[in-house]
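This report concerns only the one structure given below.
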Amino acid sequence: MAQPKTKRPTVHITPATRCDIPALARAYLRAFANSPLLPIFSPQYVDISSGELFRIGLPIEINRFEQEIVGPNISMKATVSKINERGETVEVIIGYASWISPDGPRKQTLWEWFLSNIFYPFFKPIPIPEGVPPLKEMFEAQKEQVFGKGAIWEGKRFWHLRLLFVDPDWQGFGISSALLQWGFYKARGIQWDYPFTEPKDFKSYRPSLEKSAGYMQKSQG
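No gaps in the numbering here: position 150 of the sequence shown is 150 in UniProt numbering, and each next residue is one more.
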């Protein structure tokens, strides 16, 4: 006889506040503790044992969330209600998404964005051989081929999806999609420019922000 399905708790998506920062830091470390993406998102934790991860990482992540959860950025948390050891009903954070506002304090030039998101996470700095143009000049010269109309980045307003994570026990239930959709909905009421253009002769994937299912990706080219 088939067992009755267990009803899952309702997931609530609400704005995160500074009071949530310690819990968000713990949820982030739990989400990425055993993930192969940890060296990319947090290279400072590489080669640290899982037992030491929370002791070392908690103050680091608390400081990062303190810089991130400020107006006018958008920070959304996903929570469920649980009963703790004392029999009290508490809200537990199981997911999070943050969107950095174009009017926020954390702004980057095109070059700074490239270094922080593309170059440093994957490559260690290496000496530049004699006769080879410095990397910055090479990138600026080639950005039209890499990004299409790369100048759209400069002087334009755009929302940057800074971070998205879901607790490992809750992955696969559409929570990340809901968090993304919520962020798109919130950002739509504010004037902004979509920064990405199609690279020339390059098949890529990017979010479709204009459709109701804005969190889904579609093929381009």
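Built from N, CA and C at the ideal position, the CB exists for glycine as well. Just so you know, these numbers come straight off a predicted model, no measurement behind them.
When the options are compared against residue i, the one with the closest alpha-carbon
i, options, result
"residue 12", "99, 55, 179", "179"
"residue 260", "89, 24, 54", "Outside the shown range of the chain, which is 1 to 221, sits residue 260, and nothing can be said about it."
"residue 169", "19, 73, 80", "80"
"residue 184", "26, 55, 76", "76"
"residue 161", "101, 86, 89", "101"
"residue 71", "99, 26, 10, 20", "99"
"residue 52", "172, 34, 17", "34"
"residue 17", "60, 78, 10, 9", "78"
Proximity below 8 Å, CB of residue i to CB of residue j
i, j, result
"residue 62", "residue 15", "no"
"residue 93", "residue 27", "yes"
Cβ-based neighbour list, residue i, same chain, cut-off 6 Å, excluding 5 preceding and 5 following
i, result
"residue 166", "95, 175, 176"
"residue 58", "25"
"residue 54", "29"
"residue 163", "98"
Simplified DSSP state of residue i, which is helix, strand or coil
i, result
"residue 85", "coil"
"residue 173", "coil"
"residue 95", "strand"
Same chain only: Cβ atoms within 7 Å of residue i, ignoring 5 sequence neighbours per side
i, result
"residue 31", "165, 166, 167, 168"
"residue 89", "81, 83"
Start and end residues, alpha helix (DSSP H) containing residue i
i, result
"residue 9", "Segment: none, residue 9 is in no alpha helix (DSSP H) and carries neither H nor E."
"residue 21", "21-32"
Sequence-distant residues of its chain with Cβ nearer than 8 Å to residue i (five each side left out)
i, result
"residue 10", "80, 81"
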